[in-house]
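S.K.: Okay, handing you the structure first.
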Amino acid sequence: MHRYKELEIWKKSRLFCSQIYAITSKFPSDEKFGLTNQLRRASVSIPSNIAEGSSRSSNKDFSRFLEIAIGSAYVVETQLLIASDLGFVNTEELEIIANELNEIIKMISRFRTTLKI
0 MHRYKELEIW
10 KKSRLFCSQI
20 YAITSKFPSD
30 EKFGLTNQLR
40 RASVSIPSNI
50 AEGSSRSSNK
60 DFSRFLEIAI
70 GSAYVVETQL
80 LIASDLGFVN
90 TEELEIIANE
100 LNEIIKMISR
110 FRTTLKI
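What follows is the structure in structure tokens.
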């Protein structure tokens, strides 16, 4: 069992959620139950799956939850691109947040390789 609160991937992905909430707070109000909600839920899923996986008794189970977290990250990336296409996120903001997300994905992937399955 891992202490998720000590994992850099959990800390970084938790802060990333705050960034997504800040960005989506500027979206049009008619997107409250659309893209805003979807982006927020997918971003929350990343640290949540890391935390849940860390409680599992085997590294194989933990690895599966990390895989789900990576999947959620790709969902966030897709939704951010759609938000950009719709003009809700400017190019500079998209580049910054996408770089942060890619770093999280790389960190999770590297961490998964360290687990002895």
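Residue 73 in numbering that gives the first Met the number 0 sits at position 74 of the sequence shown; the count goes up by one each step and never skips. We put the CB at the ideal spot given by N, CA and C, even for glycine.
(1) Indicate the three-state DSSP secondary structure (helix, strand or coil) for I19 in the structure shown.
(2) Pick from G52, H1, T23 and E5: whose alpha carbon is nearest that of I96?
(3) How would you write the range of the alpha helix (DSSP H) that E66 sits in, first residue to last?
(4) DSSP on V88, reduced to helix/strand/coil?
(5) Here's the rule I'm using: 16 or more other beta-carbon atoms within 10 Å means buried, otherwise exposed. How should F32 be labelled?
(6) Rounded to a whole number of angstroms, what is the C-alpha to C-alpha distance between Q13 and S28?
M.R.: Considering the structure as presented:
(1) Note: I19 maps to helix in three-state DSSP.
(2) Residue T23 is the option with its Cα nearest to I96.
(3) Bounds of the alpha helix (DSSP H) holding E66 are N58 to D84.
(4) Here V88 sits in coil by DSSP.
(5) Its Cβ having fewer than 16 others within 10 Å, F32 is exposed.
(6) According to the sequence displayed, residue 13 carries Arg and not Gln. Those two C-alpha atoms are separated by around 24 Å.
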